[in-house]
Every structure is written in C-alpha cells, then in structure tokens.
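Residue numbers (the working numbering), protein chains in the order written: chain A, 617 to 815; chain B, 617 to 815.
Notes for the one structure printed next.
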DNA sequence: GATAAAAACTAATAATTGTTAGTTTTGACA
DNA sequence: TGTCAAAACTAACAATTATTAGTTTTTATC
C-alpha cells in the first residue's frame, strides 16, 4: 500500500540504502534481512527489487562510497605544501569528523566490508591496503624531516586508525561526549604520540 | 563416522568452542552455521548438541570467559600500590598481549557480543561499562596526582582501548609485525598521549 | 564378551532466507 | 480522461537455518 517516498535530495534507491545502513549497523549485514529493511520503510520485500539489484549491491554501494571519500581526502592532503604533522593532524580530524557525522555509513565500510562478494572484496581490500601504505609513507617522511619520533610507521598508522574507528561503538551508547571536545582531546592524544619531544 | 577427539587439556566441548571461535572470527557469528562448525570438526551438525546446548551458548561462553580475564586483571592492578602511569602501562600491555596471543577469542568478545541473547547481552554490556568506568577513574586519579595530562578521562579510555582492539584486523592480514616491536611501539605512543610534559 | 553410558548417526521439523514471476495499483502527463 | 511507465503488490521458489527425536555406533569398565 505505502510507497517509498523519496526525500528532498535523494532517489528511492537512496532511501533504501539509508534504511539498510541503519539496520546493517545495528544488527550486522548477515543478520539483517530484506524483509526487515522493507518493513522499516513500510513496504513489502519484493518491492525493493524495483530499485536495487540485490542485498549485496546495497553493501557494495555503501562501502565504495565511503572509500571514495577517504581516498579523495588523502589525495588532496598529499598534494598540499605543508608540514607533515599539519597534514596528519588534518587527516586525523577528517577521520574523527566523518566518524561523528556519518558514523553509521563509516561503521559499515569499516566492519561489514568482509561480507562483500568477490570481486568487490578484493578491490576493497586493495584500496584499504593502499590507503594505509600511503599514510605510512607520510609518517616516514615526517620522521626523515625530523618532525616525528622514530616510530614504526605502519604501527603508528594502525594505532591511529583503530583508535578513531572505534569511536562509534562508544559514542553511540550511553551519554554522548561533545563532538568538539572529543575531536580536540583525541587528536591531541594521537599527535602527542607521534610528535618529537621539545616541539 | 569421525569422532571429536578431545585434545590434551580440553574436553569435547572445548574443541567445539575453539573451532567455532575460528569461524565466528572469520565470518561473524550470524554468518556461521552449525553445519560449518560441524564440518570443520569432521562431524554432523546434530552431534554437536551432545556437548553444547545451543549456538548462542557457544557465543556466551566465549564472551564471558574473556570478560572474566580482563576483569580479574583490572582488579589485581587496582589493588597494587604503584604509580598510576605504571598501572596503566601494565594494563595497556596486558591488553596488547591478549590481543596478540588470543586474538580470535578476544575479537569475538569485542565484536560479536551484540548478538548475545538477553539477559546475557545486558549483563555483558554492564560489565563492559563498569570496566571502562573503572579505567577512567584510574586516569582521573592520575590527573589528580599530577602524573597525567588534563585529558577527558573517558575519551582517553576509549581511545586507548579502541586503538588496541583494532590490532587483530591488521595483525592478521598481510605481513605480521613482530609482537614485541608492536607492544613497545604502541604502548609508547599511547603513554606519551597521556603523560604530562617534562616527565 | 556383556553392559551401560557417551557420542555419533539419520531423518525431519518449522522458520527464515534472498529472490523471481506475474499481476495490480499508482501517479504524471497527453 | 486515457495512456504508459513506475512502483507497488501477492504468491511462490529453492535453499538454508537451528534444533529435536529417535536410533545406531563407539568406547570404557566389569
């Protein structure tokens, strides 16, 4: 009976993707059924197939849209002419902001991507690897320039990204922490872990 | 035909739990079927029910065993007479060691607990909250004593735990990083984020 | 070798899964 | 108002799910 009402700037497909995002985040991709997504919208499950091609396809769209945003930001930073620490601080702040503003979407790209079917799984993993390598290269350059302590670059990258990617799991539950306070505190902690003494 | 062969110091139930742990980690709890667990052991699915009472029960056992270990360690540290920073450093190292040595088990307790059925879900969440609160209290005491920078205690706790809990996702894939190097680098980064300048 | 318990099996359950086929309803424009 | 496509519907599918019941095999102990 009901129809999928497209919102202001979003197609019917976008409405489905958004409802699915919420459910995937709450229950996980495999534990979310098409019927649940349909019910959340107020429609029967088969109706969804007028707009999307499969459940896997929804996941694919979410994951690659997020990947594109992060990749785009990284590329922009790489091209800037600035100190390495300033670049890394901006990247950290970008990650935190994304996590706070779009945590459902980001969460899925970060936790549910392993349920992607091939060949998308391989593609996604490759992008992920590439992203982290380029971040590590940035840190290595920072060490060479004497801006950053002599850390193991890959360990530093993983530590920073893991710390940030964990945000959603606690920012959502219980009493929320003020986003600005969160961003400043966390950024400072992570930058202090990198910075050379006496700077 | 085949039988579940109990290993040296483990019952048949332990064998099932261990195989299930590996699969839950690899595919996630909802996406792992009892038939898969049975096949990994070399047995038919219904045979498992001679040793366990349900699929949920396996998850419950894993989650609460891990919770117990962490709770026990925290309690021991709380009772020690030592500087706060030393305590926190030992707790951080304990977490990293657990993550490296028993990452499959720890991963499940950290990522799949939301699939616990009630009332276990509520119990687990409560323990989790309590653990983090007590860690935050420790950090607050460190600030009062002048050992620790004036960070937001809860943000610090979440940052540290998230950083560590993310380890498995990258330590498993690609070329592994030497565990000792990892522990030292990561601990140092995190402690530097807490420590007051000039110490 | 007989006995009894432990642990495997086969067969079947009802429920749920993603998805397709075919049909009816809706809504915008002529 | 009639037309046509978009988008909803119902019915059904084969596959898979966790689990139970009932039966047979294995193993250890006498």
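Idealized CB from N, CA, C, for every residue including glycine.
Give the interface partners of residue i over in chain A, defined as CB-CB distance under 9 Å, in chain order.
i, result
"residue 729 of chain B", "Here the premise fails: no neighbours, minimum Cβ distance about 11 Å."
Under 8 Å Cβ-Cβ, which residues of chain B neighbour residue i?
i, result
"residue 781 of chain A", "778 and 782"
Determine the direct distance from the alpha carbon of residue j to that of residue i, and round the result to whole angstroms.
i, j, result
"residue 632 of chain B", "residue 747 of chain B", "29 Å"
"residue 767 of chain B", "residue 769 of chain A", "25 Å"
"residue 635 of chain B", "residue 656 of chain B", "7 Å"
"residue 726 of chain A", "residue 683 of chain A", "10 Å"
"residue 668 of chain B", "residue 674 of chain B", "7 Å"
"residue 687 of chain B", "residue 812 of chain B", "28 Å"
"residue 762 of chain B", "residue 810 of chain B", "11 Å"
"residue 630 of chain A", "residue 628 of chain B", "49 Å"
"residue 720 of chain B", "residue 764 of chain B", "33 Å"
"residue 685 of chain B", "residue 745 of chain A", "33 Å"
"residue 756 of chain A", "residue 718 of chain B", "30 Å"
"residue 660 of chain A", "residue 651 of chain A", "7 Å"
"residue 804 of chain A", "residue 778 of chain B", "16 Å"
"residue 677 of chain A", "residue 708 of chain B", "37 Å"
"residue 654 of chain A", "residue 664 of chain A", "7 Å"
"residue 700 of chain B", "residue 713 of chain B", "20 Å"
"residue 658 of chain A", "residue 806 of chain A", "44 Å"
"residue 716 of chain A", "residue 754 of chain A", "24 Å"
"residue 786 of chain B", "residue 698 of chain B", "33 Å"
"residue 641 of chain A", "residue 741 of chain B", "17 Å"
"residue 702 of chain B", "residue 679 of chain A", "41 Å"
"residue 644 of chain A", "residue 705 of chain A", "31 Å"
"residue 662 of chain A", "residue 647 of chain A", "18 Å"
"residue 737 of chain A", "residue 758 of chain B", "45 Å"
"residue 639 of chain B", "residue 739 of chain A", "23 Å"
"residue 793 of chain A", "residue 788 of chain B", "32 Å"
"residue 564 of chain B", "residue 681 of chain B", "Because residue 564 of chain B is not part of the residues shown, which for chain B are 617 to 815, the question remains open."
"residue 670 of chain A", "residue 728 of chain A", "16 Å"
"residue 690 of chain A", "residue 743 of chain A", "12 Å"
"residue 649 of chain A", "residue 649 of chain B", "16 Å"
Between residue i and chain B, is any beta-carbon pair separated by less than 7 Å?
i, result
"residue 647 of chain A", "yes"
"residue 801 of chain A", "yes"
"residue 701 of chain A", "no"
"residue 808 of chain A", "yes"
"residue 595 of chain A", "Only positions 617 to 815 of chain A appear in the structure, and residue 595 of chain A is not among them; the question remains open."
"residue 636 of chain A", "no"
Quick one: which chain A residues come within Cβ less than 7 Å of residue i?
i, result
"residue 772 of chain B", "805"
"residue 690 of chain B", "Residues of chain A passing the Cβ test: none, with the nearest at roughly 17 Å."
"residue 798 of chain B", "771"
Please list, in chain order, the chain B residues whose beta carbon lies closer than 9 Å to that of residue i.
i, result
"residue 793 of chain A", "768, 770, 771 and 774"
Please tell me whether, using a cut-off of 6 Å, the distance from the CB of residue i to the nearest non-hydrogen atom of the ligand ADP is below it.
i, result
"residue 669 of chain A", "For the ligand ADP, the structure offers nothing, since it holds no ligand at all."
Under 8 Å: do the segment 680 to 699 of chain B and the segment 750 to 759 of chain B share three or more Cβ pairs, one atom per stretch? yes
Using 8 Å as the threshold, is the segment 778 to 789 of chain B in touch with the segment 771 to 782 of chain A, meaning 3 or more CB pairs across them? yes
What residue ranges within the segment 617 to 687 of chain A form continuous alpha helix (DSSP H) runs of no fewer than 4 residues, ordered along the chain? The segment 617 to 687 of chain A contains these whole alpha helix (DSSP H) runs: 628 to 643 and 650 to 657.
So, does the segment 791 to 801 of chain B touch the segment 728 to 738 of chain B, judging by three or more C-beta pairs under 8 Å? Taking a cut-off of 8 Å for Cβ pairs, the segment 791 to 801 of chain B and the segment 728 to 738 of chain B do not touch, as fewer than three such pairs fall below it.
At what residue ranges does the segment 766 to 798 of chain A contain a whole run of the alpha helix (DSSP H), taking only runs of 4 or more? 769 to 781 and 783 to 787
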